[in-house]
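J.: Pasting a structure below so you can have a look.
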Amino acid sequence: MPQAAAPPAGPKPLSAPARALARLGLVRDIDLALHLPLRYEDETRLAPIATLHDGVTGQVQGTVLECRVETRARRQLLVRIADDSGELMLRLLHFYPSMQKTLAPGALVRVRGELRAGFFGREMVHPEFRAVTPETPLPAGLTPVYPSTAQLPQAYLRKVIASALPRAPLDELLPGGSVPAGLPSLREAVTFLHHPPPGTDLDALEGHRHPAWQRLKFDELLAQQLAQAQARAERARLRAPPLRARPGGLVERLVAGLPQLLGGPLTGAQQRVVAEIAADLARPTPMHRLLQGDVGSGKTVVAALAAAAAIDAGWQCALMAPTEILAEQHFRKLVQWLQPQGIAIAWLTGSRKGRERREMLAAVADGRAGLVVGTHAVIQRDVAFARLGLAVVDEQHRFGVAQRLALREKLANGEEGKEGREGDDGTQGLEPHLLMMSATPIPRTLAMSHYADLDLSTIDELPPGRTPIVTKVFEDGRRAQVLARIRDEVAQGKQVYWVCPLVEESEHVDLQNATATHAELSALLPGAMVGLLHGRMAAAEKAAVMKLFTDGTMKLLVATTVIEVGVDVPNASLMVIEHAERFGLAQLHQLRGRVGRGAVASVCVLLYTAPLSPTGKARLKAMAETTDGFEIARRDLEIRGPGEFMGARQSGDALLRFADLAEDEPLLLHARATAARLLSAQPSVAQRQVDRWLGAKTEFLKA
Ligand code: ADP
Ligand code: MG
């Protein structure tokens, strides 16, 4: 954009330290007040030199006896000091002439550092030091050490924070009785954390267990709970079409046919979540529900029943999947289940173009297509639904924030293309219901915090007749043994997945790897069909390969991680994952879920290359020890921390800064109860609490 040549307006340019502050997000007084110390140094006491032990950090004060530049082994400044109790050598490998002046013989210096028994006797290498007089006072409180950068000296940071602290808006907002008993006021807490008095339990402070820390965490959690409750309340004001299945209608007919289609009736857990969803759909407010269930727990049929309810009530349903392979698999399954009942199903993916696509779009726009299945192509601008009543998002965590926001927009604003249409067709002002599905279970505390604005349904039971998957972890030296196992498995008519390693830097290397492995395995299995699937293939090619594997013609499928989600081939009984140490825990669990989907006993072999990193080891150990998706998710949270676990949803900004979900569940529960009370009794206080803590970030929480 062209800039007008107007005189520069606005704030004057920032100084270098101010710029460094701004880069850390430290602009307003409140930002500075909430920039809390990482740790503290106790400079309130002086230790007699003789009392310091090897490896102990301490502060001493003494007179310089000798100061000389040593040049023999390595150029360095050697300074010998003494107090009444003993002597100490200071050793400076980098020094300036000004230092030699400060440390001239006869000077009184205060020194802080770690004592070591070195070549020159008891010594400190590169201690902090400064010239003092016998009257120079010791600080009254512990000295805070702040998270900082090279451009931002601690001394400067301490000064600006100390001056911002009294100005920062930390007045008590919360009514008496709402804060857990025994916690200080917010201002007391923050002041204490910056300047704790000597004698404070530093372990509790640095471990964030001290009441002052608890107070901050509580306020933060409360703000988050309030924001989520507000989002929920806002949604409760919206209107949606009530979707009730008709007696003797589509849903009933589908349920009746299920034992045959699935090979068994719905599990108890499936029945329960179907009922929860049906109750939501029947209400005149939009559903906002997350269906979680481990891989293979049977979420697809639950989605199909929800879709059937929408269609039965005279509305359309859109089902979105993150990949074309998965979308196509859903499409086939739903065609098989719903088409016999006379439902027309459209299929929209990025690779569908031209006339075909135009025809699909027309069927969606005039309402002939009851169900629309596809990738995020389903929410493109040119897709206009006649009467969208329900949107289902499969593997929702795989969609990016942008896509999820686009979906929300689309749902909230009604579809473009409808504007300007004549008359009221009964869809005006109505929002569709939303059902999200995920195989990555959300740990309890996360569900209560970051996902508190969602309703949750959980399938906690696998369909009967599954044989548990056995997981084996092998060093890749045992590859020959694994190859023999593959031969046996194929000889018995079973099918095998071979997952190629993830090479983050280069898709090209990935492909080379996969191609080489494909050649090796083809040679191993003469006469059997061995296929290759990777991200660079065209959608039609991928689909053709998948079809051969799904119908059993192909015995072994070598694949990069494109098979990760949702692929369902019950006859596959062995999965080998090469370089398993490179995959994340959630991803390994997803991959493993591709086997063990039928009655055949299944094995997952995790090949790794030594040496393993500690987290790599922890991941493989978790995989070997459990197949329970909830346990995996819990351990993943432990290994990675919630930030990464959440992936893009909360990317940084909206994450909790102070509270730690792994430790602060009691505070979270208290905050949740307080939020409910505050919101109904004092909504304006609630709003101020949200504004203070979250500011502009609340938009993010809705994605
Ligand atoms: P996911 O929850 O991972 O999406 P799917 O919906 O793909 O699981 O279901 C996994 C497999 O279990 C499919 O082959 C499906 O047909 C089968 N299945 C689902 N529900 C049942 C059931 N109640 N009884 C028997 N098999 C079922
Ligand atoms: Mg699925």
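To convert, take the position in the sequence shown, counting from 1, and add 73; that gives my numbering.
We treat Cβ as the ideally placed atom computed from N, Cα and C, and that holds for glycine.
All of these numbers come straight from a predicted model, not from anything done at the bench.
1) Where A89 and L176 are concerned, what is the direct C-alpha to C-alpha distance, given to the nearest angstrom?
2) Does DSSP put G462 in a helix, in a strand, or in coil?
3) Can you give me the C-alpha to C-alpha distance between H449 and E468, rounded to a whole angstrom?
4) Leaving out five residues before and five after A56 in sequence, what residues of the same chain have Cβ atoms less than 6 angstroms from its Cβ?
5) What does DSSP give as the partner residues of G447 in its beta bridges?
6) Under a three-way DSSP split, which group does V137 fall into?
7) Would you tell me roughly how many angstroms separate the C-alpha atoms of A645 and D367, rounded to the nearest one?
8) Starting from D102 and walking both ways along the alpha helix (DSSP H), at which residues does that stretch end?
9) Under the three-state reduction of DSSP, which class applies to Y219: helix, strand or coil?
10) Please confirm whether any heavy atom of ligand 4 lies closer than 7 angstroms to the CB of G447.
11) Tell me whether R405, by its Cβ, gets closer than 7 angstroms to a heavy atom of ligand 1.
12) Helix, strand or coil for A111, going by three-state DSSP, please let me know.
13) DSSP on L556, reduced to helix/strand/coil?
14) Tell me which same chain residues have a C-beta within less than 7 angstroms of the C-beta of L311, skipping the five on either side of it?
15) Taking the alpha helix (DSSP H) that D276 falls in, what are its first and last residues?
16) Who are the Cβ neighbours of E349 in its own chain at under 7 angstroms, not counting the five residues just before and after it?
17) D641: beta carbon under 7 angstroms from a heavy atom of ligand 1?
18) Quick one: measure Cβ to Cβ for Y113 and P269, integer angstroms, because I've assumed they're closer than 8 angstroms.
19) Nearest by alpha-carbon distance to D156: which of L119, V142 and G191 is it?
20) Measuring from the CB of K372, is there a heavy atom of ligand 2 at a distance below 7 angstroms?
21) Taking the alpha carbon of R189 as the point to measure from, which residue in W286, L161, D737 and G369 has its own alpha carbon closest?
22) Note down the Cα distance separating G443 from K620, rounded to an integer number of angstroms.
23) With a threshold of 8 angstroms, are at least 3 pairs of Cβ atoms found where one atom belongs to the segment 136-147 and the other to the segment 178-195?
24) Run through the DSSP bridge pairs and tell me what C677 is partnered with.
25) Once DSSP output is grouped into helix, strand and coil, what is the label at E534?
26) With which residues is T130 paired in a DSSP beta bridge?
27) Just to check, is the beta-carbon of T340 closer than 7 angstroms to a non-hydrogen atom of ligand 1?
28) Quick one: Cα of K491 to Cα of G566, how far?
29) With a threshold of 6 angstroms on Cβ separation, who are the neighbours of A376 within its own chain once the five nearest residues in sequence on each side are excluded?
30) Helix, strand or coil for S258, going by three-state DSSP, please let me know.
31) Which first and last residues belong to the alpha helix (DSSP H) in which V758 is found?
32) Contact defined as beta carbons within less than 8 angstroms: I believe V451 pairs with Q389. What is the distance between those atoms, to the nearest angstrom?
33) What I want to know is whether the C-beta of D367 ends up closer than 7 angstroms to one or more non-hydrogen atoms of ligand 2.
34) Hey, would you say the C-beta of D244 is under 7 angstroms away from at least one heavy atom of ligand 2?
35) DSSP puts E196 in a beta bridge; with which residues?
36) Check for me: the beta strand (DSSP E) holding E201 runs from which residue to which?
T.: This is what the structure gives:
1) C-alpha of A89 to C-alpha of L176: approximately 30 angstroms in a straight line.
2) Three-state DSSP puts G462 in a strand.
3) Each residue's Cα considered, the two are about 12 angstroms apart.
4) Not covered by the structure: residue 56. The range shown for the chain is 74 to 776.
5) M393 and L421, per the DSSP bridge assignment.
6) It is a strand residue.
7) Taking the straight line from one Cα to the other gives about 18 angstroms.
8) Boundaries of the alpha helix (DSSP H) around D102: D102 to A106.
9) DSSP, reduced to helix, strand and coil, places Y219 outside both helices and strands of the structure shown, so it counts as coil.
10) Absence of ligand 4 from the depicted structure is noted, with ligand 1 and ligand 2 being the only ligands included.
11) Short note on R405: C-beta not closer than 7 angstroms to any heavy atom of ligand 1.
12) Sequence check: residue 111 is Leu here, not Ala. Three-state DSSP puts L111 in coil, outside helix and strand.
13) L556 sits in a helix when the DSSP states are folded into three classes.
14) These residues qualify, in order along the chain: T358, P359 and E504.
15) Unbroken alpha helix (DSSP H) run through D276: L275 to E279.
16) So the qualifying residues of the chain are S530.
17) D641 has its Cβ nearer than 7 angstroms to a heavy atom of ligand 1.
18) In this structure Y113 is in contact with P269, their Cβ atoms being roughly 6 angstroms apart against a cut-off of 8 angstroms.
19) Selected option, being the one with the closest Cα: L119.
20) Because some heavy atom of ligand 2 lies under 7 angstroms away, the Cβ of K372 counts as near it: yes.
21) Closest by C-alpha distance to R189, out of W286, L161, D737 and G369, is L161.
22) Roughly 25 angstroms separates the two Cα atoms.
23) Contact between the segment 136-147 and the segment 178-195 is present, because at least three Cβ pairs lie under 8 angstroms.
24) Note: C677 sits in a beta bridge opposite T544 and M648.
25) Taken through DSSP and simplified to helix, strand or coil, E534 comes out as coil.
26) Note: T130 sits in a beta bridge opposite E187.
27) Result yes, Cβ under 7 angstroms from ligand 1.
28) Only weak support is given to the placement of K491: the predicted model assigns it a pLDDT of 45, under 50, and the value that follows is read from those uncertain coordinates. Distance between the alpha carbons of K491 and G566 is about 53 angstroms.
29) A distance below 6 angstroms between beta-carbons, with the five flanking residues on each side excluded, links A376 to the following residues of its chain, in chain order: V465.
30) Looking at S258 - three-state DSSP - the assignment turns out to be coil, as it is neither helix nor strand.
31) Taken as a continuous stretch (DSSP letters only), the alpha helix (DSSP H) holding V758 covers P756 to L767.
32) About 11 angstroms separates the two Cβ atoms, so there is no contact after all.
33) Outside the cutoff, so no.
34) No - ligand 2 has no heavy atom lying nearer than 7 angstroms to the Cβ of D244.
35) Here E196 is bridged, per DSSP, to M162 and R189.
36) E201 to A204 is the span of the beta strand (DSSP E), which, as asked, contains E201.
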